[in-house]
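Participant: Each residue of the sequence shown is one higher than the one before, starting from 14 at the first, in this note's numbering.
Please see the structure below; I have some questions.
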Amino acid sequence: MNLLLIIGTRPNFIKVTRFKEVAAKYPNITLKIAHTGQHYDATMADVFFQQFNLTPDYFLNVGAGSQNFQIADIMLKLEELINTKFKPDLMLVVGDVNSTLAGALTANKLNIKLAHVESGLRSFDETMPEEINRILTDKICNLYFVTEPSGSENLKKEGVQNDKIKFVGNTMIDTLVGFSDKIEQADILEKHNLTKQPYILTTLHRPATVDFEDGLKKLIELFENIAKKYKAVFPIHPRTVANLKKFGLYDKLMQNKNLIITEPLDYFAFQKLIKYSKFIITDSGGIQEESTFLQVPCLTLRNNTERPVTCTEGTNTLVKFDIAEISKLISEIENGTYKKGKVPALWDGHATERIFEALTSA
Ligand code: UDP
14 MNLLLIIGTR PNFIKVTRFK EVAAKYPNIT LKIAHTGQHY DATMADVFFQ QFNLTPDYFL
74 NVGAGSQNFQ IADIMLKLEE LINTKFKPDL MLVVGDVNST LAGALTANKL NIKLAHVESG
134 LRSFDETMPE EINRILTDKI CNLYFVTEPS GSENLKKEGV QNDKIKFVGN TMIDTLVGFS
194 DKIEQADILE KHNLTKQPYI LTTLHRPATV DFEDGLKKLI ELFENIAKKY KAVFPIHPRT
254 VANLKKFGLY DKLMQNKNLI ITEPLDYFAF QKLIKYSKFI ITDSGGIQEE STFLQVPCLT
314 LRNNTERPVT CTEGTNTLVK FDIAEISKLI SEIENGTYKK GKVPALWDGH ATERIFEALT
374 SA
């Protein structure tokens, strides 16, 4: 069986670190990985390939451009790859980014079977580009790998046959478990003099949070509040920097002396920061899951989540971007009344193995 796995962004890379290793246990499987180049620079891509010792077999080198340009360019380059270099029996796409959708459409047009890793997640917010990518990908999928029960339920409601839905667990957690020693060895706490200090960790990059001046001003106010008590580490996404500069707010944010602003961090450093933080403030998808696994309180500045198990079972809480509401939750964390959470079913480091078991018995 020839498998072609498509990846393109930071969260994709983090979800596929064990695929080659597990595939190698199956003599009848040839797995090739194509990296679209959607994320391409040193901090958003190269560092992850180095840390995970992951070498994509093909690099499509999609250029920077609009979403339409990127999706179209990926599709054309993937088609060429499939026609001239490697013909898969099945393509695998991951998550909810433009590379996911481009890979799914290419498979459909070339009549190649498609499997989706992290299928069935729904925020029910169609203003999120990721939600559209998820819905469209699942519409043309043949095999659905699901990370949490809501994924299976959503797919069933959308009419997907039961036997095509495989609840396998979370491959992002496979990476956390697989690299736990390396994470522990990271020296990021010492680097920022955080060893004995309670600190918080924050990442914000979703258009709904960082594309508007008002939202960014609130963000600065929030940090001013938090910085009265805590150091806050803020590895800042390129999109957020660009918008802060566009609205003339970057310098104001930089004036906050308790805010440690860094470039996007490598995986080991970032996971170590999650593990030892007092709490997290984020709008990320994946960080809601990692904090749930590590049982660290996570306040997610969004109205919805496509990962509800992180709230119902884990340490995640959705919170409006409202300083009073956020302060209330911070008090609960401080006085020990905030929920403790438990690790969701099958988030055990073996999801990738279960994917291959399902692929070979399908
Ligand atoms: N991440 C990282 N360094 C950072 C910020 C995030 O390694 O500076 C990791 C994070 O732990 C998670 C993934 O990147 O594994 C999430 O990426 P992001 O928040 O960009 O995407 P989302 O999950 O929201 O799609």
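Beta carbons are placed, not taken as given, at the ideal position from N, Cα and C, and that holds for glycine.
Quick one: measure Cβ to Cβ for Met185 and Ile27, integer angstroms, because I've assumed they're closer than 8 Å.
Facilitator: Confirmed, Cβ separation roughly 6 Å.
Participant: So that I know if they touch, is there some Cβ in chain D lying closer than 8 Å to that of Ser165?
Facilitator: The question asks about chain D, but that chain is absent: this structure has only one protein chain.
Participant: According to DSSP, is Leu6 helix, strand or coil?
Facilitator: Beyond the ends of the chain as shown, which are 14 and 375, falls residue 6; an answer cannot be given.
Participant: Over what stretch of residues does the beta strand (DSSP E) that includes Phe3 continue unbroken?
Facilitator: Nothing about residue 3 can be read from this structure; the chain reaches only from 14 to 375.
Participant: Write down every uninterrupted run of the beta strand (DSSP E) in the region 219-303 whose length is 3 residues or greater and which is fully enclosed by it, in chain order.
Facilitator: Runs found: 244-248, 272-275, 292-295.
Participant: On a Cα-Cα basis, can you pick out the residue from Glu370, Asp176, Lys169, Leu217 that is closest to Ile293?
Facilitator: Looking at the Cα atoms, Leu217 is the closest of the given residues.
Participant: For Glu8, is the beta carbon positioned less than 7 Å from some heavy atom of ligand 1?
Facilitator: A question about residue 8 goes unanswered here, because the residues of the chain that appear run from 14 up to 375.
Participant: Cβ of Thr330 within 8 Å of Cβ of Leu342?
Facilitator: Yes; because the gap between Cβ atoms is below 8 Å, this pair is in contact.
Participant: Does the Cβ-Cβ distance between Ile201 and Leu312 come in under 8 Å?
Facilitator: No. Outside cutoff.
Participant: Please indicate yes or no: does the CB of Gln284 lie closer than 7 Å to some heavy atom of ligand 1?
Facilitator: Answer for Gln284: yes, Cβ within range of ligand 1.
Participant: Which runs of the alpha helix (DSSP H) at least 4 residues long sit entirely within the region 307-346? Give them in chain order.
Facilitator: Counting whole runs of 4 or more residues, the region 307-346 contains the alpha helix (DSSP H) stretches 322-325.
Participant: Would a C-beta distance cut-off of 8 Å place Phe388 and Ile368 closer than the cut-off?
Facilitator: Because the chain in this structure spans residues 14 to 375, residue 388 falls outside the shown range and cannot be described.
Participant: CB of His129 to nearest heavy atom of ligand 1: below 7 Å?
Facilitator: No, since every heavy atom of ligand 1 falls outside the 7 Å radius drawn around the Cβ of His129.
Participant: For ligand 1, is there a heavy atom less than 7 Å away from the beta-carbon of His2?
Facilitator: Because residue 2 is not part of the residues shown, which for the chain are 14 to 375, the question remains open.
Participant: Here's the rule I'm using: 16 or more other beta-carbon atoms within 10 Å means buried, otherwise exposed. How should Met267 be labelled?
Facilitator: The residue in question, Met267, is exposed, as its Cβ has fewer than 16 Cβ neighbours within 10 Å.
Participant: Please look up how many angstroms separate the CB atoms of Leu67 and Thr30, rounded, as I've assumed it's under 8 Å.
Facilitator: The Cβ separation is near 6 Å, so the contact holds.
Participant: Am I right that Leu134 and Glu302 are in contact with their C-beta atoms under 8 Å? What's the rounded C-beta distance?
Facilitator: Contact doesn't hold; Cβ gap of about 10 Å is too wide.
Participant: What are the complete beta strand (DSSP E) segments, minimum 3 residues, inside the region 39-91?
Facilitator: Segments of the beta strand (DSSP E) lying fully in the region 39-91: 43-48.
Participant: Closest to Lys169 by CA distance: which of Gly298, Ser132, Leu257 is it?
Facilitator: The candidate whose alpha carbon is nearest that of Lys169 is Ser132.
Participant: Does the beta-carbon of Leu278, which I'm using as the reference point, lie nearer than 7 Å to any heavy atom of ligand 1?
Facilitator: Yes - ligand 1 has a heavy atom lying nearer than 7 Å to the Cβ of Leu278.
Participant: For the beta strand (DSSP E) containing Phe99, list its first residue and its last residue.
Facilitator: Where Phe99 is concerned, there is no enclosing beta strand (DSSP E), given that its DSSP letter is neither H nor E.
Participant: Output the distance between the C-alpha atoms of Ser165 and Thr222, rounded to the nearest integer angstrom.
Facilitator: Distance between the alpha carbons of Ser165 and Thr222 is about 29 Å.
Participant: Compute every distance between the C-beta of Ser297 and the non-hydrogen atoms of ligand 1, then say whether any falls below 7 Å.
Facilitator: Correct: Ser297 has its Cβ closer than 7 Å to ligand 1.
Participant: If distances are taken between C-alpha atoms only, which option among Leu235, Glu326, Pro357, Glu366 comes closest to Glu338?
Facilitator: Nearest C-alpha to Glu338: Leu235.
Participant: By a C-beta neighbour count over all protein chains shown, 10 Å radius and 16 as the cutoff for buried, is Ile145 buried or exposed?
Facilitator: The residue in question, Ile145, is exposed, as its Cβ has fewer than 16 Cβ neighbours within 10 Å.
Participant: What separation, rounded to the nearest whole angstrom, lies between the Cα atoms of Ser79 and Ala115?
Facilitator: Answer to the nearest angstrom: the Cα atoms are 13 Å apart.
Participant: For Tyr212, which residues in the same chain have their Cβ closer than 7 Å to its Cβ, ignoring the five residues on either side in sequence?
Facilitator: Tyr243, Lys244, Ala245, Val246, Ser290, Lys291, listed in sequence order.
Participant: If Gly108 sits next to Asn25, beta carbons under 8 Å apart, how far is it from one beta carbon to the other, in whole angstroms?
Facilitator: That belief holds up - the Cβ atoms of Gly108 and Asn25 are roughly 6 Å apart, short of 8 Å.
Participant: What is the DSSP secondary structure of Leu114, reduced to helix, strand or coil?
Facilitator: Helix at Leu114.
Participant: Quick check: Asn96 and Ala128, are their CB atoms within less than 8 Å of each other?
Facilitator: No, the Cβ-Cβ distance between Asn96 and Ala128 is not below 8 Å.
Participant: As an exercise, report each continuous alpha helix (DSSP H) stretch of at least 4 residues that is fully enclosed by the region 131-208, in chain order.
Facilitator: Complete alpha helix (DSSP H) runs here, min 4: 142-152, 162-170, 184-191, 193-198, 201-204.
Participant: I need the DSSP call for Val35, collapsed to helix, strand or coil.
Facilitator: Looking at Val35 - three-state DSSP - the assignment turns out to be helix.
Participant: For the alpha helix (DSSP H) containing Leu372, list its first residue and its last residue.
Facilitator: Counting along the chain, the alpha helix (DSSP H) containing Leu372 begins and ends at 364-374.
Participant: Assuming Thr215 contacts Thr295 (C-beta within less than 8 Å), just tell me the rounded distance between them.
Facilitator: That belief holds up - the Cβ atoms of Thr215 and Thr295 are roughly 6 Å apart, short of 8 Å.
Participant: Return the chain-ordered list of same chain residues with a C-beta closer than 6 Å to the C-beta of Val35, the five sequence neighbours on each side being excluded.
Facilitator: The answer, listed in chain order, is Thr365, Glu366, Phe369.
Participant: Since Val110 and Gln51 should fall inside the 8 Å C-beta cutoff, what is the C-beta to C-beta distance between them, to a whole number of angstroms?
Facilitator: Their Cβ separation, rounded to whole angstroms, is 6 Å, which keeps Val110 and Gln51 in contact under 8 Å.
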